[in-house]
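Chemist:
2 protein chains.
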Amino acid sequence: MAAIPVPALLITNLPDVRYLSGFTGSNAALAITRRAARLFTDGRYTTQAAEEVKAAGLGVKVEIASGPASVAAIQWLAAQLGEQAAADKTTILQVGFDATHTTVAEVDRWREALPSKLRRKLLTPTASLVEPLRHLKDEDELAVMRQAAALGDELFSHILTIIQPGIPETAIAAELEYQARMRGAEGMSFETIVASGVRSALPHGRATQTPLPRRGFLTMDFGVILNGYCSDMTRTVYLGKPSIAERNVYEAVLAAQESAVAAVRAGVTCGEVDEAARSILRDVQLADWFTHSTGHGVGIEIHEGPRIAANQAEKLAPGMVITIEPGVYFPGDFGIRIEDMVAVTRTGGEVLTHSPKALIEL
Amino acid sequence: MAAIPVPALLITNLPDVRYLSGFTGSNAALAITRRAARLFTDGRYTTQAAEEVKAAGLGVKVEIASGPASVAAIQWLAAQLGEQAAADKTTILQVGFDATHTTVAEVDRWREALPSKLRRKLLTPTASLVEPLRHLKDEDELAVMRQAAALGDELFSHILTIIQPGIPETAIAAELEYQARMRGAEGMSFETIVASGVRSALPHGRATQTPLPRRGFLTMDFGVILNGYCSDMTRTVYLGKPSIAERNVYEAVLAAQESAVAAVRAGVTCGEVDEAARSILRDVQLADWFTHSTGHGVGIEIHEGPRIAANQAEKLAPGMVITIEPGVYFPGDFGIRIEDMVAVTRTGGEVLTHSPKALIEL
Chain H
1 MAAIPVPALL ITNLPDVRYL SGFTGSNAAL AITRRAARLF TDGRYTTQAA EEVKAAGLGV
61 KVEIASGPAS VAAIQWLAAQ LGEQAAADKT TILQVGFDAT HTTVAEVDRW REALPSKLRR
121 KLLTPTASLV EPLRHLKDED ELAVMRQAAA LGDELFSHIL TIIQPGIPET AIAAELEYQA
181 RMRGAEGMSF ETIVASGVRS ALPHGRATQT PLPRRGFLTM DFGVILNGYC SDMTRTVYLG
241 KPSIAERNVY EAVLAAQESA VAAVRAGVTC GEVDEAARSI LRDVQLADWF THSTGHGVGI
301 EIHEGPRIAA NQAEKLAPGM VITIEPGVYF PGDFGIRIED MVAVTRTGGE VLTHSPKALI
361 EL
Chain P
1001 MAAIPVPALL ITNLPDVRYL SGFTGSNAAL AITRRAARLF TDGRYTTQAA EEVKAAGLGV
1061 KVEIASGPAS VAAIQWLAAQ LGEQAAADKT TILQVGFDAT HTTVAEVDRW REALPSKLRR
1121 KLLTPTASLV EPLRHLKDED ELAVMRQAAA LGDELFSHIL TIIQPGIPET AIAAELEYQA
1181 RMRGAEGMSF ETIVASGVRS ALPHGRATQT PLPRRGFLTM DFGVILNGYC SDMTRTVYLG
1241 KPSIAERNVY EAVLAAQESA VAAVRAGVTC GEVDEAARSI LRDVQLADWF THSTGHGVGI
1301 EIHEGPRIAA NQAEKLAPGM VITIEPGVYF PGDFGIRIED MVAVTRTGGE VLTHSPKALI
1361 EL
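Chains H and P are the protein sequences, given in the same order.
The C-terminal position of the first sequence is numbered 362 in this note's numbering, with every residue numbered one higher than the one before it.
The C-terminal position of the second sequence is numbered 1362 in this note's numbering, with every residue numbered one higher than the one before it.
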């Protein structure tokens, strides 16, 4: 709390709650003052909350609320600050909440639950104060993320033995997801993308019943959740023999991806990393078909900061884990994307994804 | 739009966008006036958005925004209303947005993107205006939801052949999820719950590596997404031979569940349905261990309105699809939950889940 500009915080964004308390349930509010922290949840989670919060060992107390958890939390915070103010005239009656994760209706509900004299002034919108802390992974978190990325590699290696013309894209997704589960994943970190043939031109082509073609690209973009942390990787392979033109585009995307990976280093801006990929594609007149940003932070959530996009001034810092995933898409024809996870270090980047990137023909 | 109290709406809640436009992508804002509707998304979705919006046939135009979709949408709405106001003095410059799904920070961002004279007055918080429309399923939607529920039944029937002592809970989850995919599901509608032995006392016990016991309850709560609609069902089975006490508790939960199912009918309040289950458990001194509400609406999202909970005055209406899922949980000992999906009709309820509910011993 020392670095936080308000005397108390109400945290309701669940990944933030998990990060600070260890609790993984679907209903929670975490109330923090400079003296104490209390987690509010409901009766479904009595046992789980006690166990998880104890295992995290951060000294958070659990309270089972009969009504909405966040309302109980704001009332507790108001009472705590009221007591402190009575004892110490310098206490400011303010509770920060994350304006980027709190709805207009929630704030109204919290206000209505407060004594009328606190209703106008207690609640103070702030930026997301916890999410930026999550961007910087410590050694324990990096160890888990290496494992998550390694499981992704295992799944890719396995799926190469399954791919063949005629089987539906959904069978590829099903097999990836089944093997992820059997190898210890809690689930997938996002809806598995399996896009074959002309569908590879859809950057977010979720698996459909479409049968894999005899000849064409196949893009697989998938990730697991392992011990609470997400992995994310993409490989594009070829069924049959690619044309020279197809191979050339693949090589350009790969060169762009490797250029951006090589640009990763603490102190470099996110825009510079994006530009490292984009400029390679610009040189070969492909930049117009690279229609998204180069990557994003990843951790407890599949999409965290920083954004690796054009002109982003934010600087990379040691401990950030980001994706590098340029792609080129020709609508109605084909598309290619290649993605690794990279941990930022002082001197460069540790690539967490180890699957081969040279074009695989199946 | 005729029934809506504002001349224009900005819709950013993705299930609502999907319901109104057919678009299923992960980034979208839908702008609606009394004259036109326009969907804003980004370059990743150029092809997909055109296809899906055309297939839905609701006359929505697609625009690919270079910046944030919702900012482009509010600017378009401001321009549209400005034009209308110039032609027709009675036009009110107001755009409604859903206060329950819009963050404080988003509203600030929209305001900043508006001309200064519109900044204060254009945006008007409203209740969720689209979600209540989604509660009432039409015949096409009911047909899809029957299929989703039937797929759940198929999976339950299949999983009974897999269950045996010693295999981990995650293997049960993996098999359910694999079979769901192979039988056409887009994915699961929520994280699969597989809670065995003492873990069955956790109402939301996600599958862990815990091996199934030789003797004890096993609760499986799972659902699929099929053609965009969610299913949801729970069955609790027994490995080995239950004690008389265990069987008695099971019979009580089943009686409570059947009592609530029998109470479903258009015009009945949600509180009355909840009470139909709760009173049965109260009669046998088990109500203190029924620590959650009886059910919830289900559709494009796994949790929609109405809430089937104590004292809820909202009345059931034909076309609503709800879950009925009472449970009893003894922490540190065992738990039992039984859940069906039920479609509300004028004269009763159509139970969509057909799996047997008499206690299965494996």
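For every residue, glycine included, the Cβ atom is placed at its ideal position computed from N, Cα and C.
It should be emphasised that the depicted structure is a prediction, and the values quoted were computed from it without experimental measurement.
(1) Give me the residue from Gly1319/P, Gln1164/P, Gly1349/P with the minimum Cα distance to Val1144/P.
(2) Contact criterion: CB-CB distance below 7 Å. Does Arg181/H meet it with respect to chain P?
(3) So what's Ser116/H in DSSP terms, helix, strand or just coil?
(4) Would Phe1097/P and Ala1073/P be called neighbours here (beta carbons separated by less than 7 Å)?
(5) Taking a Cβ distance cut-off of 9 Å, strictly less, list which residues of the region 102-115 of chain H are near chain P, in chain order.
(6) Indicate the three-state DSSP secondary structure (helix, strand or coil) for Val268/H in the structure shown.
(7) Once DSSP output is grouped into helix, strand and coil, what is the label at Val1107/P?
(8) Determine, for Glu177/H, whether the minimum Cβ-Cβ distance to residues of chain P falls below 7 Å.
(9) Leaving out five residues before and five after Val224/H in sequence, what residues of the same chain have Cβ atoms less than 7 Å from its Cβ?
(10) Run down chain P in chain order and give the residues with a C-beta less than 8 Å from the C-beta of Tyr238/H.
(11) Can Val1095/P and Ala1036/P be called in contact, C-beta distance under 7 Å?
(12) Tell me which same chain residues have a C-beta within less than 7 Å of the C-beta of Glu175/H, skipping the five on either side of it?
(13) Report yes if the CB atom of Met1237/P is closer than 7 Å to the CB atom of Ile1360/P, and no otherwise.
(14) Under the rule that 16 or more other beta-carbon atoms within 10 Å means buried, what is Thr1347/P, buried or exposed?
(15) Are the region 1125-1135 of chain P and the region 1207-1217 of chain P touching, with three or more C-beta to C-beta distances below 8 Å?
(16) Let's test the definition: count the other Cβ atoms within 10 Å of the Cβ of Ile1172/P and tell me whether it reaches 16, buried, or not, exposed.
(17) Return yes when the Cβ of Leu239/H is within less than 7 Å of the Cβ of Gly216/H, no when it is not.
(18) What three-state label does DSSP hand Ser1196/P in the structure shown?
(19) Inspect the beta-carbon positions of Val1284/P and Ile1336/P and report whether they are closer than 7 Å.
(20) In the DSSP assignment, find the unbroken alpha helix (DSSP H) run with Met220/H in it and report its ends.
(21) Would you list the one or two residues that DSSP bridges to Gly187/H?
(22) Rounded to whole angstroms, what is the Cα-Cα separation between Arg247/H and Phe334/H?
(23) Could you tell me which chain P residues have their CB closer than 7 Å to the CB of Arg215/H, listed as they occur along the chain?
(24) Please name the residues in the region 19-30 of chain H whose beta-carbon is closer than 8 Å to at least one beta-carbon of chain P, in chain order.
(25) Would you kindly work out how many angstroms separate the C-alpha atoms of Gly1057/P and Leu81/H, rounded to a whole number?
(26) Measure the Cβ-Cβ separation of Ala105/H and Thr1100/P and say whether it is below 7 Å.
(27) Just to make sure I have the definition right: I need the residues of chain P whose C-beta is within less than 9 Å of the C-beta of Tyr45/H. Which are they?
(28) Looking at the C-beta of Pro1132/P, does it have a partner C-beta in chain H at a distance below 7 Å?
(29) So is Pro1125/P in contact with chain H if we call contact Cβ pairs under 7 Å?
(30) In the DSSP assignment, the beta strand (DSSP E) including Met145/H goes from what residue to what residue?
(31) Where Ala201/H and Gln164/H are concerned, what is the direct C-alpha to C-alpha distance, given to the nearest angstrom?
(32) Give me the Cβ distance between His292/H and Pro203/H, rounded to the nearest whole Å; I'm assuming they're in contact under 8 Å.
(33) Taking Ile1300/P and Tyr1045/P to be in contact with their CB atoms under 8 Å, please state how far apart those CB atoms are, rounded to whole angstroms.
(34) Leaving out the 5 sequence neighbours to the left and right, which residues in its chain are closer than 7 Å to Pro125/H when beta-carbon positions are compared?
(35) Which residues in chain P sit within 8 Å of Gln48/H, going by Cβ to Cβ distance?
(36) For the region 1290-1306 of chain P, which residues have a CB atom closer than 8 Å to at least one CB atom of chain H, in sequence order?
Modeler: To lay it out plainly:
(1) Gly1319/P
(2) Yes, because at least one Cβ of chain P sits closer than 7 Å to the Cβ of Arg181/H.
(3) Three-state result, Ser116/H: helix.
(4) no
(5) So the close ones are Thr102, Thr103, Val104, Ala105, Glu106, Val107, Asp108.
(6) coil
(7) helix
(8) yes
(9) Ala148, Leu151, Gly152, Ala180, Ala185, Met188, Ser189, Ser231
(10) Under the 8 Å cutoff, chain P gives no residues; its nearest Cβ is about 21 Å from Tyr238/H.
(11) no
(12) Ile159, Ile162.
(13) Sequence check: residue 1237/P is Val here, not Met. Closer than 7 Å, so yes.
(14) exposed
(15) no
(16) buried
(17) yes
(18) strand
(19) no
(20) Where Met220/H is concerned, there is no enclosing alpha helix (DSSP H), although the beta strand (DSSP E) it sits in stretches over 216-222.
(21) Ile225/H
(22) 12 Å
(23) In chain order: nothing, as chain P lies at least about 21 Å away.
(24) Gly25, Ser26
(25) 55 Å
(26) yes
(27) Leu1202, Pro1203, His1204
(28) no
(29) yes
(30) It is not in any beta strand (DSSP E) - Met145/H instead sits in the alpha helix (DSSP H) that spans 139-159.
(31) Using only the alpha carbons, I get a separation of about 20 Å.
(32) 6 Å
(33) Incorrect: roughly 18 Å between the Cβ atoms, too far for contact.
(34) Phe97, Ala99
(35) Result: Leu1202, His1204, Gly1205.
(36) Thr1291, His1292
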